[in-house]
Every structure is written in structure tokens, then in C-alpha cells.
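From first to last, the protein sequence lines are chains G, P and S. Numbered per my numbering, the first sequence spans residues 1 to 220. Numbered per my numbering, the second sequence spans residues 1001 to 1220. Numbered per my numbering, the third sequence spans residues 2001 to 2220.
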Amino acid sequence: MTYHHALFDFSLLQTLVEVLATLAFALSGLLEAARKRLDLVGVCVVAGLTAFGGGTLRDILLDRRPFFWVQHASWLWILLALCTVAMLTLRARHFELTERAVSWPDALGLGLFSAAGTRIALDMQMPAIVAVLMGVITAVFGGVLRDIVCNEIPSAFRDHRPYAACAFIGTWMLVLADTLNAPDWIGLTAAASTTVVLRGLALWTGYSLPAWNPGPPADR
Amino acid sequence: MTYHHALFDFSLLQTLVEVLATLAFALSGLLEAARKRLDLVGVCVVAGLTAFGGGTLRDILLDRRPFFWVQHASWLWILLALCTVAMLTLRARHFELTERAVSWPDALGLGLFSAAGTRIALDMQMPAIVAVLMGVITAVFGGVLRDIVCNEIPSAFRDHRPYAACAFIGTWMLVLADTLNAPDWIGLTAAASTTVVLRGLALWTGYSLPAWNPGPPADR
Amino acid sequence: MTYHHALFDFSLLQTLVEVLATLAFALSGLLEAARKRLDLVGVCVVAGLTAFGGGTLRDILLDRRPFFWVQHASWLWILLALCTVAMLTLRARHFELTERAVSWPDALGLGLFSAAGTRIALDMQMPAIVAVLMGVITAVFGGVLRDIVCNEIPSAFRDHRPYAACAFIGTWMLVLADTLNAPDWIGLTAAASTTVVLRGLALWTGYSLPAWNPGPPADR
């Protein structure tokens, strides 16, 4: 969501996906905050961190300003409203449903935001592997910061389900398209859809990442 | 404390409040570090992070340099001295007393630093909601970083006692004064005192923030 | 490792030490990630954070770009390869051995990277205490970020074994040499070797930092 030139031409579709995905990210923060029984302040901060933390971290690393949420400050109001409404209306029995409903727009966000982050880094002449890393950070580190604040080991690092890995593979499509001098929209579409399809497959098949081979000494 | 042009005119009073409040922030880090039985290095880092972390994070987000503790590097020596003396002299029975003694200058710091942070952001043409957020970050994120390093969910996000919320409301006074073209010192005084009074009321009445309505599935 | 002009003249030796030390830092992240049973993504991120996090944080604070791992992006490939190979080959019985083997190149890294970080900050006209702090951050905060992500209180802050403290003392040699107008390589060598010797002594004698005097109320 931290990406905002009209890079795609089909901009209405893109905006729709962006809004959906940002809401999905925010909701995933909100659910985690609720599980930890945070108060209103904590819920808002964690939801905001999940939605905008990845892009903000990328912009700090790349030394870019202004942040998305500074340029589009109305998003902060939307977030505040979302959190307040959720605290008033979400009941325990809605949680599982929300969680499942969120996983699909979340996959769209993974694809869109990682491709956008990589695009930005490539435009700044970053080396390919750094650009890919920036894409992954954009899409994944919101959730990582959410888990750190909620005092958990980030689930992206330990649940053995392909999430960052999908974005890592997908964003290489963009680098490839760039090397071949393909137009921007082709690379972005290829990257985003590769990531989304891979993530979709992972969700659908329950495929899991290789674990540490023979098991190291456990610690927890 | 990360704010240092003579914005208030009554600058001696302001400096005094700043010093008191910075010490209160540092002490709250020191107490937490002691409870976690950190060593000298940990105590110094956590005390410093609590005192200067919020303003530093704000300056990173706003891309401002130098940091307060670079411009006023003698504070780093004061901190080092404070931690060493505390480790030599503070006994277990002093802890509760220190904690209570700290909560009032801490409230002053909440008011002063949040108003100062918002002022800085407004001067950089940030949108109102972003400026308010920057003020809250200045005053609150030192404690948040302290809790993250000490492996706790930040108490500002979960103790249901109004802290960040007071600063959130107070700093709007500054935005309001700005909109009305009131002189700087009126806005700053209004913002700081609103925050301090709200925080004082919260400490005094034990008022608590609304909890998640019907209780979500617990996780911890 | 985030430091890369030919400041030392004996540059082959220096490069060798840098490579060894960076690998040692990465391995210490890798071992921690394994103990927490992270997946491939987590292992790579934690290893990378341990190796490059300290220098990156210093560069963010000093507002320097590009980062070491952007300028030398091949290190990201090396890290990826290291993690993959380790996950395929490291067995439980290798862990203790690796851990002990790592502690010596890690001490070299502590000396080299803290001296280099201090040098960079001094060149940017930072006050002495800030330059020393930047040196310590360069060498120590990779491990701190590793522990935060792995949901532990940073061991550098609580194990009472001198680590950051050695770098703190050592880097003052550099400041001293600068004050005396000694040539760069003398200050760097004095700082790095003081730190390494102090750390070596600490490892060898098992000396421990003073604990909180009478014991504060325990919390954990």
C-alpha cells in the first residue's frame, strides 16, 4: 500500500485491490491485538503497524519520504474508525470467520505490495537481490512488526508455510522482465500474479517449507 | 526531550520540566531493567532507550537530524552516571517508592514531549493527524521500545489506563490553536496542560479505557 | 562489516578478518534461529539481521547510505547459501561445537566493527561519546535485534558477561588517538586490539559484570 504512482494502467482495479489488501492487513493486526487483549490504543497501533509497517520500513531503508500514510493521511482516520467499529461489534464467534475471510485479500496484498516495493527499489538502481528483498520487506514486515510488538516470534519466520517465500519467487519475475526491457505493467503483473498463485497454492495444498533437517537442540 | 528551540518563552521553567521529565523517563526504564535483572549494559541501554527512544523514532520518521542526544551529548553522561549510582544505591525497598514518585514527572513529560513533537511535525507541514501521531510517538514510544527490549507487550498498549490517549487528545489543542492562528506558546501550553490534566485525572480516578467488548478468544 | 574504505593499510588481513567475523555473526544468528526451530525464511532473516543489523542501524541513525549489504549485495547471496547449506548439513551434535568455534571470530568482529563504527561517526564530527556509542551499536545491535526477533531479552543486556562493555572501553582508544592526532591506523588498531583482548580475557576468565547490588524485586 505504500506505493502510489499510476504504475499499472488498470488503475481502478489496482486501487480496489490495494484498499482490500490494506484492510486485510489491518484486520490481521486487529485480530492479533484482540487475542492479546490489548486496549483501544494497542489495537489501533498494532493494526496500523501491520498495515503500514512494511512499506514504512522499506522507505526508511531506502531513505524515501513522504511515507504512504503521510501522503494519504486519511488512511489513518479509516484505521481509527475500523478499530473502533471492530471493538464495538466483533464478537468472539466472528473471529475464526474473519481470519479465514482475511487470508485471500491478504494473499492479493502479498503479491501487489511485494511487486510494488521491488519496482520502487529497482527504480532507485538497487541491485536485483536488494530490490527483491525490499519487495519482500514491504509485504511481510508489517506482520513481523505486529508479532514483535505482540511478543511473539514472527509467524512469517516459523510457521513453515510459504509466505515470504512466495513473494521472494514472484518478485524475481519483475527483475526478469526488467532485464528483458519489458514494459512496466508486464513485470508488475507477472510478479504479483506469480506471488498470488504460489500463495494460493500454498493455502490450498497446505504445503510446508522444509524444516531444519534432523532437529537441532530444542529451546522452546 | 528531543525538542530544543526556545518555543516557550518561560524557558527556565520549561528546561526544569524537561530535565525532570527526562529523568523520570530514564528512571522508569531503569526500574524495568532492574526487575528483569539486566546487567549494567542492559540497564544503561534500556534507561537511554526509554528516555530518548520516542524522540529518536520521531526524528527517524521525519528524517530530522541531529538527534537530541547528539546535540546534547552530555545527557549520555548523565544517564551513565544515573544508572551507575542507581545500581550502587537503590535497594529493593526503594523500588515501589521510586515508581510512585516517577509517575508525576512522567505525566509532565507526557504533556511536554507530545506537544513538542506535534509542534515539530506541524512546522514540517505534516497533516494534522500525522502531527498528532508524531507527538504521541515522541512521548510514548520510549516506553514502548523499553517494553519490547524487555520482552513484554508494551504496557501502553494493554494496561487499559489512558496514557497515549491523553496525549492524543491534548495534542489536538495544538492543532486547533494553529488553525486559529494563535501564537505558538498558547497552543503548546494548552496542549501540554490538557494532556497533563487528563493524565493526572486518569492516575487519580483510576479510570480505564474501554476493553474489547465481549471478549475475544484469549491467547495469553 | 558495514565499513568499507581501505582505512587499514594491511587490507588483505583486514578483509580476511571481516569475512571471518561476518560469517561468525551470521552463524550465531543461524544457531539461535535453529534453537527456536524457525523455518528457512526465519533462519535467513535472523542470520542476516545478526550479521548486518548493527551496521544498518548505525547507518540509519547517522543517515548514511548506501548500506554495506546494498553496496556488497553478493553478501546476501553468500548468506542465503550459508543458511541453506547449514540447514542441510548441520546436525544436532554439531551445535555445541559450532557455538564454541564461533566465539573467537565473534570477538574479532566485536573489535573490528566497533572500531570501524566509531571511526565513521568521528569522521562525521559526532561528539566522542556518541561516536563510541555508534561503535558499540555497530558491533552489538545485530545480536540485540536477533534476540528481539527470537523473542528473548537480548543476551548482551543480561548475561553479565562483558561484551558491549569491552567495545565501549576499546573504542575510547580511537577517540584518544584522534585527540592526539595519531594516524588513523594506530587508533583503529589500538581500539580493535584493546576490545579483542578484553573480550578474550572475559571469555578466558569467565569474569562477570557487576549485578544489581542487593537484588531488586524479581519479575522473571
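Each residue gets a CB set at the ideal place from its N, CA and C atoms; glycine is no exception.
Strictly under 8 Å for the Cβ-Cβ distance: is residue 100 (chain G) near chain S by that measure?
Answer no: the Cβ-Cβ gap between residue 100 (chain G) and chain S never drops below 8 Å.
Taking CB distances under 8 Å as the criterion, tell me whether residue 1039 (chain P) reaches chain S.
Yes, its Cβ sits closer than 8 Å to a Cβ of chain S.
Does any residue of chain S bring its CB to less than 8 Å from the CB of residue 152 (chain G)?
The beta carbon of residue 152 (chain G) falls within 8 Å of a beta carbon belonging to chain S, placing the residue at that interface.
Do the stretch 2159–2177 of chain S and the stretch 1051–1061 of chain P meet, that is, are 3 or more Cβ pairs less than 8 Å apart?
Taking 8 Å as the limit for Cβ pairs, the verdict is that the stretch 1051–1061 of chain P does not touch the stretch 2159–2177 of chain S.
Identify whether residue 100 (chain G) lies in helix, strand or coil by the three-state DSSP scheme.
Assignment of residue 100 (chain G) by DSSP, reduced to helix, strand and coil, places it in the helix class.
Residue burial classification, residue 1011 (chain P) (beta-carbon count within 10 angstroms, cutoff 16)
With a 10 Å radius around the Cβ and a threshold of 16 neighbouring Cβ atoms, residue 1011 (chain P) comes out exposed.
Should residue 149 (chain G) and residue 49 (chain G) be called a contact, given that it needs their Cβ atoms to be closer than 8 Å?
Contact flag set, yes.
Residues near residue 2144 (chain S) by beta carbon distance below 7 Å, same chain, minus five either side
For residue 2144 (chain S), where only same-chain residues beyond five positions count, the Cβ hits under 7 Å are 2154, 2156.
Reduced DSSP secondary structure (H/G/I, E/B, other) of residue 2091 (chain S):
Residue 2091 (chain S) falls in the coil class under three-state DSSP.
Return the chain-ordered list of same chain residues with a C-beta closer than 7 Å to the C-beta of residue 2038 (chain S), the five sequence neighbours on each side being excluded.
Taken in chain order, the residues that qualify are 2046.
Helix, strand or coil: how does DSSP classify residue 1065 (chain P) here?
Note: residue 1065 (chain P) maps to coil in three-state DSSP.
How long is the line joining the alpha carbons of residue 125 (chain G) and residue 2189 (chain S), rounded to whole angstroms?
Going by the C-alpha atoms only, they are around 36 Å apart.
Would residue 102 (chain G) pass as a contact of residue 28 (chain G) if the rule is Cβ separation under 8 Å?
Yes, the pair counts as a contact, with Cβ atoms nearer than the cut-off.
Spatial neighbours of residue 13 (chain G) within its chain, please: C-beta separation below 6 Å, excluding the five flanking residues on both sides.
Correct list: empty, nothing qualifies.
Which residue's Cα is closest to the Cα of residue 99 (chain G): G:193, G:30, G:138?
Out of G:193, G:30, G:138, the CA that lies nearest to the CA of residue 99 (chain G) is found in G:30.
Residue 2063 (chain S) touches chain P at which residues, Cβ-Cβ below 7 Å?
For residue 2063 (chain S), the chain P residues whose Cβ falls inside 7 Å of its Cβ are 1065, in order along the chain.
Pick from P:1086, P:1019, P:1065: whose alpha carbon is nearest that of residue 1032 (chain P)?
Of all alpha-carbon atoms in P:1086, P:1019, P:1065, the one lying nearest the alpha-carbon of residue 1032 (chain P) is that of P:1086.
Can you give me the start and stop residues for the alpha helix (DSSP H) that residue 1018 (chain P) sits inside?
For residue 1018 (chain P), the enclosing alpha helix (DSSP H) covers residues 1011–1035.
Beta-carbon within less than 8 Å of residue 1162 (chain P)'s beta-carbon, same chain only, minus the 5 sequence neighbours each way: which residues are those?
Closer than 8 Å at the Cβ level, and outside the excluded window around residue 1162 (chain P), lie 1198, 1199, 1202, 1207, 1208, 1209.
Judging by CA-CA distance, which residue of G:78, G:152, G:211, G:51 is the nearest neighbour of residue 138 (chain G)?
Looking at G:78, G:152, G:211, G:51, the one whose alpha-carbon comes closest to that of residue 138 (chain G) is G:51.
Excluding sequence positions up to five away, which residues of its chain have a Cβ less than 7 Å from the Cβ of residue 9 (chain G)?
Here the model assigns residue 9 (chain G) a pLDDT of 49, short of 50, so the residue's position is not dependable and the matter cannot be decided.
At 8 Å on the CB atoms, spell out the chain G contacts of residue 2077 (chain S), in chain order.
Those are 129, listed as they occur along chain G.
C-alpha distance - residue 1169 (chain P) paired with residue 2204 (chain S), whole-angstrom precision
Roughly 56 Å between the two C-alpha positions.
Taking the alpha carbon of residue 16 (chain G) as the reference point, which residue from G:132, G:112, G:133 has its own alpha carbon closest?
The shortest Cα separation from residue 16 (chain G) among G:132, G:112, G:133 belongs to G:112.
Pick out the complete alpha helix (DSSP H) segments inside the stretch 1119–1144 of chain P, 4 residues or longer, and give them in chain order.
The DSSP assignment places no complete run of the alpha helix (DSSP H) inside the stretch 1119–1144 of chain P (cut-off: 4 residues).
Taking 7 Å as the line, does the beta carbon of residue 1083 (chain P) fall inside it for any heavy atom of the ligand FMN?
In the structure shown, the ligand FMN is absent, as is every other ligand, since no ligand is present at all.
Which of helix, strand or coil does DSSP assign to residue 146 (chain G)?
DSSP, reduced to helix, strand and coil, places residue 146 (chain G) within a helical segment of the structure shown.
Taking just the CA atoms, how far does residue 1187 (chain P) sit from residue 82 (chain G)?
Cα to Cα, residue 82 (chain G) sits roughly 30 Å from residue 1187 (chain P).
I want to verify the contact list: residues of chain A whose CB lies under 7 Å from the CB of residue 164 (chain G), in sequence order.
In the structure shown, chain A does not exist; the protein chains are G, P and S.
Taking residue 302 (chain G) as the reference, give the member of G:191, G:70, G:109, G:142 with the closest Cα.
Lying outside 1 to 220, the shown extent of chain G, residue 302 (chain G) is not represented and no answer is given.
Who are the neighbours of residue 2060 (chain S) on chain G, taking C-beta pairs under 7 Å?
Within chain G, the C-beta atoms nearer than 7 Å to that of residue 2060 (chain S) come from 60, in chain order.
Contact criterion: CB-CB distance below 8 Å. Does residue 87 (chain G) meet it with respect to chain P?
Closer than 8 Å: yes.
How is the alpha helix (DSSP H) around residue 221 (chain G) delimited, first residue to last?
Missing from the structure shown is residue 221 (chain G); chain G here goes from 1 to 220 and no further.
Cβ-based burial, residue 2006 (chain S) [other Cβ within 10 Å; buried from 16]:
Reliability of the predicted coordinates at residue 2006 (chain S) is poor, the pLDDT of 45 falling under 50, and no value is obtained from them.
Select from the stretch 1183–1196 of chain P all residues with a C-beta closer than 7 Å to any C-beta belonging to chain S, and list them in chain order.
Flagged: no residues at all.
Compare the C-beta of residue 2148 (chain S) with all C-beta atoms of chain G and state if any pair is closer than 8 Å.
Answer yes: the Cβ-Cβ gap between residue 2148 (chain S) and chain G drops below 8 Å somewhere.
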